[in-house]
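Chain order of the listed sequences is A and B. This note's numbering applies: residue -1 is where the first sequence begins, and numbers increase by one. This note's numbering applies: residue 271 is where the second sequence begins, and numbers increase by one. In this text, a Cβ means the ideal position worked out from N, Cα and C, and glycines have one as well. Some notes on the structure that comes next.
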Amino acid sequence: MTENSLPTPPARPTAVRCTVGLLLTGVLATGCGTATRGAPAASSGAAHAAHAAQQQAAPADAVQLRSTLERLLGAHVLLADEFVRTAVTGQTEQNAAVGDSVARNQTELVELVTAQGGAAAGQQFQAAWQHHVDVLAAYAAALQSKDTAAQAATRAQYVAAEQQLAQSFSTVVGGTVPLPALQQAGTVHGEHLLDQGEAFAGGGYDTAYSIQRAAFGHMLTAADVLARGVADVKDLPTAELDAPRRSLQTALSSLLAQHMGLMVQAMRAAHDGSPDFPAAGRAVNLNTTELAGAIRTLYGEDASRQFLDIWASHVEALIAYASAEDEAEREQRRETGTDYAPQLARFLATATEERLPAIDLAAALTEHDDHLRDSLDAYAQADYEQSQALAERGYAHMFELSQGLATAVGDAVAAKLPQGGPATGGGGLASRH
Amino acid sequence: MRRLLTAAALVAALAGCSGPSPDTAAPPPSPTPSAAASEPAFTAVREVPRSQVPARLRIPSLGIDAPVGAVGTAADGTVEVPTRWEDVGWFDGGARPGEDGPSVLLGHVDSKAGPAVFARLPSAPVGTVVEVVGDGGELTRWRVERIEQHPKTRFPTEAVYLPALRPELRLVTCGGAFDRATGHYRDNVVVQASLVDG
């Protein structure tokens, strides 16, 4: 089946090519971030603000580069999954809004690749990325129409598209990462996205969420590999990439970012009464379990229980908010559960030995809560562009929060670790020589 | 200096060790019915299951089969070590084997008279299988990925004890030259292992 005979896909995301002049500065210019899908609606002001807030200077070191890649590639998984799901369920307007998010994510990735690899690499990457998104859209359409022949054809095309992307990534890392390894990673990633969609379309919602979790983790690995490859090309120091506190930062970023993404999915499902809600709830609970596990490893069982109590209330209040029958009921429930912010702030301030002031933490946690509630409000009012923009902002906010937390937690915990090397030898073997 | 990241290591990282696999985590609690029948039912998890406390360590290829007891932090800030040469100590300030984060097990390389429980540990090849049996009989299996030796004066404390995103096992013993003046080995050997199944 040729590409021309593919079933008509749902609304596809597009992206703007950035001018080379803007890229020469190596700074992600806000002018490159505008998605062009018709005249901007009033609510898209939030979308532009969200995008501008997420843009940052091209990472100057390997750690920043890896963190940026984690954010962007992780977002790609969540957005791609949501793009396919809304296509499968025939939610055309929601799909269009998610498509715009996909386009904004693409723009950021293109700018990053261009800043690191040059204009030609950026253009090659842009073409390959756009193509793989287009094919994913066609696959989603085939799932929706239950056209198994089209599914098989677009699946094969998607695998080929991932190989093209691997080639473009290879250009950026200058051959320090073997092409076969990148191609294999592309295959794994492609299977994640396609299998997730297929599971969702078939009602295997727990499987879909499980694959999403695996796909997100895989992107963290990819971010690390790509960052090291670019650092190698540019002779950037990489020792800090191996620092335990950076691993802690990645861990916290991953857990908090997935919390945000899963809460958006679960709250929308709760609002819609959609059949994947129970699975979304279980995915949220699994993420909470992992967060509590991290707290337990850092601070012990009692602290983990205390954290869980606060966090569970936060999550339940948000789901209840999303489940409200109408705007009036949401208004009644608006303040329920917001006391999690000062409670958790006091907990974290204590845990970091006041390295992070409780008042600042409370503000950040309130902002997180607002992102989710406001995003749901917009969704309920069918302002899907605004809802997406707020979800994007909230997702990026999790990375900002985790960076500060990892530093402060790392400092506080490290001070309590056993010091020095253990005395685990009596010398009996040495006396034989 | 350009370094070629080997295809094998990368393929392993990107294809085999890609983070959590689908459906390998314990299923989280299912939602329970809420009071409002028309609203989607949801109850957030409020209790997290724990792995078992380690009770026994086996490394069959090295002939190691030893009891495991808990050790903590001594008054001087150093980690406690087993009080018997043939025992293994589990640092109870960290994760239990199988939980996310590092689980640190310590053992003596020798006694004052001869070999002790971890005498052969420093020579363990990459790929060595390690088995940990919990106090309820739960078995976790690990595979050695890396062996490092560090001067005790520059012991990588955070690398050994700071939490990570996935379960890790770290076996620590002494190594290097023996300083007769102090009565201690100058180095520590740290064996890093990743969870195979459990």
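Should residue i be labelled buried (16 or more other beta-carbon atoms within 10 Å of its own) or exposed?
i                : result
glutamate 390/A  : buried
arginine 244/B   : Since the displayed chain B opens at 271 and closes at 468, residue 244/B lies outside it and no answer follows.
valine 396/B     : exposed
isoleucine 357/A : exposed
arginine 280/A   : buried
arginine 416/B   : exposed
lysine 144/A     : exposed
threonine 90/A   : exposed
aspartate 346/B  : exposed
valine 466/B     : exposed
serine 393/B     : exposed
glutamine 247/A  : buried
aspartate 457/B  : buried
arginine 450/B   : exposed
glutamine 379/A  : exposed
glycine 335/A    : buried
proline 178/A    : exposed
glycine 115/A    : buried
lysine 382/B     : exposed
threonine 452/B  : exposed
aspartate 230/A  : buried
glutamine 92/A   : buried
glutamine 419/B  : exposed
glycine 423/A    : buried
alanine 344/B    : exposed
leucine 26/A     : The pLDDT assigned to leucine 26/A is 22, lower than 50, so where the model puts this residue is not dependable, and the model offers no usable value.
Do you know whose CA, among the options, lies nearest residue i's CA?
i                   : options                                   : result
glycine 425/A       : Val379/B, Arg354/B and Ala336/B           : Val379/B
glutamate 309/B     : Val170/A, Thr248/A and Glu314/A           : Glu314/A
threonine 353/B     : Pro337/B, Leu465/B and Ser373/B           : Pro337/B
valine 461/B        : Pro426/B, Val414/B, Cys444/B and His454/B : Val414/B
glutamate 351/A     : Leu192/A, Thr405/A, Asp381/A and Asp375/A : Thr405/A
proline 324/B       : Thr427/B, Leu432/B, Ala451/B and Gly364/B : Gly364/B
histidine 253/A     : Val223/A, Val228/A, Ala278/A and Thr286/A : At residue 253/A the sequence reads leucine, which differs from the histidine that was named. Selected option, being the one with the closest Cα: Thr286/A.
valine 228/A        : Ala241/A, Gly291/A and Gly173/A           : Gly173/A
alanine 136/A       : Thr169/A, Pro176/A and Ala78/A            : Ala78/A
alanine 413/A       : Ala126/A, Tyr297/A and Pro235/A           : Tyr297/A
phenylalanine 214/A : Glu365/A, Leu191/A and Ala428/A           : Leu191/A
leucine 332/B       : Asp405/B, Val315/B and Pro385/B           : Pro385/B
leucine 354/A       : Tyr382/A, Gly408/A, Val133/A and Gln162/A : Gly408/A
alanine 107/A       : Ala221/A, Gly202/A, Tyr203/A and Ala159/A : It should be pointed out that residue 107/A corresponds to leucine in this sequence rather than to alanine. The shortest Cα separation from leucine 107/A among Ala221/A, Gly202/A, Tyr203/A and Ala159/A belongs to Ala221/A.
glutamate 408/B     : Val430/B, Gly446/B and Glu369/B           : Glu369/B
Is residue i a contact residue of the ligand MN, with contact defined as CB to any heavy atom under 7 Å?
i             : result
alanine 221/A : Summarising the ligand content, the structure contains no ligands, and the ligand MN is consequently not present.
Apart from the five residues on each side of it in sequence, which residues of its chain come closer than 7 Å, Cβ to Cβ, to residue i?
i               : result
valine 186/A    : His216
valine 157/A    : Thr185 and Gly188
alanine 197/A   : Thr205, Ala206 and Ile209
aspartate 193/A : Ile209
histidine 395/A : Glu365, His366 and His369
tyrosine 393/A  : Ala73, Ala255, Met258 and Gly259
glycine 88/A    : Gln142
glutamine 304/A : Phe345
glycine 445/B   : Val379, Pro392, Gln419, Tyr455, Asp457, Asn458 and Val459
Using a Cβ-Cβ cutoff of less than 8 Å, which residues in the same chain neighbour residue i once the five nearest sequence positions on both sides are dropped?
i                : result
glutamate 238/A  : Asp59, Ala60, Val61 and Arg244
aspartate 357/B  : Ala336, Pro337, Val338, Gly339, Gly377 and Val387
arginine 330/B   : Checking the sequence shown, residue 330/B turns out to be proline, not arginine. Closer than 8 Å at Cβ, skipping near neighbours: Val399 and Glu401.
tryptophan 458/A : Limits of chain A in this structure are -1 at one end and 431 at the other, which puts residue 458/A out of reach.
glycine 201/A    : Pro273
valine 351/B     : Val341, Gly359, Leu376 and His378
Between residue i and residue j, how many whole angstroms is the CB-CB distance? I'm expecting something under 8 Å.
i                : j                : result
valine 262/A     : leucine 363/A    : With 8 Å as the limit, valine 262/A and leucine 363/A do not qualify as a contact, their Cβ atoms being about 17 Å apart.
methionine 258/A : leucine 316/A    : So it is not a contact: roughly 11 Å between Cβ atoms.
proline 321/B    : arginine 366/B   : Here the sequence assigns serine to residue 321/B, which means proline is not the residue at that position. Contact flag correct, Cβ pair sits at about 4 Å.
alanine 343/A    : arginine 331/A   : That pair is no contact at about 22 Å.
valine 96/A      : glutamine 142/A  : Not really, about 14 Å apart at Cβ, beyond 8 Å.
glutamine 341/A  : isoleucine 293/A : So it is not a contact: roughly 14 Å between Cβ atoms.
valine 442/B     : valine 374/B     : 6 Å
leucine 67/A     : valine 318/B     : Rounded, the Cβ-Cβ distance is 30 Å, inconsistent with contact.
Less than 6 Å between C-beta atoms, sequence neighbours within five positions excluded: which residues of the same chain meet that for residue i?
i               : result
leucine 415/A   : none
alanine 164/A   : Leu180, Gln181 and Gly184
valine 82/A     : Ala138 and Gly195
alanine 277/A   : Tyr203, Asp204 and Tyr207
alanine 199/A   : Val86 and Leu141
glutamate 438/B : Pro372
threonine 410/B : Pro367, Gly368, Val402 and Gly468
Sufficient close CB pairs (3 or more, under 8 Å) joining the region 90 to 107 of chain A to the region 139 to 154 of chain A: no
Quick check: the region 170 to 186 of chain A against the region 64 to 73 of chain A, are there 3 or more CB pairs under 8 Å? no
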